Amino acid sequence: MFWLIASTVAAAFMATAMIFVRLRAARKPASVKKIILPPFFMSTGAFMFVFPIFRVEWTQVLEAVSIGALFSIFLIRTSKFEVRDGDIYLKPSKSFIMILFGLLAVRIIFKLIVGQHVSLGETSGMFFLLAFGMIITWRLAMLKQYLNLEKKMHTGKDPA
15 MFWLIASTVA AAFMATAMIF VRLRAARKPA SVKKIILPPF FMSTGAFMFV FPIFRVEWTQ
75 VLEAVSIGAL FSIFLIRTSK FEVRDGDIYL KPSKSFIMIL FGLLAVRIIF KLIVGQHVSL
135 GETSGMFFLL AFGMIITWRL AMLKQYLNLE KKMHTGKDPA
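Heads up: the sequence shown at position 104 corresponds to 118 in my numbering, and the numbers run straight through without jumps.
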C-alpha cells in the first residue's frame with residue numbers, strides 16, 4: 015500500500031510540474047519540433063517493460079491506450095492555435111488547467127481502484143500506456159492543427 019500511495023503522490027507532483035511547464039510554453043511560438051518531441055521523450059519510459067514486473071497482457075495494453083485516447087479528447091478540444099506577430103502560438107485556455115487537474119484526479123482514482131486488484135508493476139505499466147496513449151493522440155491532433163494553420167498562413171488560403 016505504501017508504494018501505491020508513494021507512486022501516486024510522485025505522479026501527482028510530476029503532473030502538477032508539467033502543468034506549469036505547459037503554461038510557460040504557451041508564451042513562446044509553437045513549432046513542429048515542440049509538438050512532436052514530448053511523445054518521443056516519454057517513449058523512453060517504455061523501457062520499463064524490459065522488466066517482467068511491469069509487463070501487461072495485450073488486452074490491458076488495448077484498454078489503457080484506448081482510455082488514454084479517450085481522455086485526450088478533452089485536451090484536444092482545449093488546445094487551439096492562433097497567429098500573433100507572424101508566429102503560431104498555442105492559445106491559452108481558461109479551462110485547460112482545470113481539465114488537466116480533472117484528468118489527474120480521475121487517473122489517481124482509477125489507479126487507486128485498479129491498484130487494489132492488479133500488482134503495482136502492472137498498474138505502473140498500464141498507467142504509463144494510458145498517459146502515452148493520451149499524449150500521442152493529443153499531440154497528433156495538435157500537429158495536424160498546427161500544420162493546417164501554417165499552410166493557411168503561407169498560402170493565404172483555407173487548407174480545408
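We treat Cβ as the ideally placed atom computed from N, Cα and C, and that holds for glycine.
As the structure is a prediction and not an experimental result, all values here were calculated from the model.
Contacts around A174, its chain only, beta-carbon distance under 7 Å, and the 5 residues preceding and following it disregarded: Its pLDDT being 49, under 50, A174 is placed unreliably by the model, and the measurement read from it follows with that caveat. There are no such residues.
For S57, which option in A119, K105, M112, I149 has the closest C-alpha, if you only look at C-alpha atoms? I149
Using three-state DSSP, classify E136 as helix, strand or coil. helix
Tell me the start and end of each unbroken beta strand (DSSP E) in the stretch 51-133 that is at least 3 residues and wholly inside, in chain order. 94-98, 101-105
Using 10 angstroms around the beta-carbon of G82, count the other beta-carbons present and answer buried if the total reaches 16, otherwise exposed. buried
Within its chain, find whatever has a CB closer than 7 Å to the CB of M156; leave out the 5 residues flanking it on each side and keep chain order. I49, S93
Taking just the CA atoms, how far does K158 sit from V75? 25 Å
How about P90 and W152: do their beta carbons lie closer than 7 Å? One point to set straight first is that residue 90 is Ile, not Pro, in the sequence displayed. In contact: I90 and W152 (Cβ atoms closer than 7 Å).
Exposed or buried, what is F16 when buried is set at 16 or more other beta-carbons lying within 10 Å of its beta-carbon? exposed
Looking at the structure shown, is A174 part of a helix, part of a strand, or coil, going by DSSP? Residue placement at A174 is poorly supported in this model, since its pLDDT is 49, which falls under 50; the coordinates are not used for a value here.
Out of L143, H168, R121, which has the shortest C-alpha to C-alpha gap to T22? R121
Residue from V79, I123, W72 with nearest C-alpha to I19: I123
Kindly indicate which three-state DSSP category R153 falls into: helix, strand or coil? helix
Once you ignore the five residues that flank L118 on each side, which residues in its own chain have a CB closer than 7 Å to its CB? A26, A29
DSSP three-state call for S21: helix, strand or coil? helix
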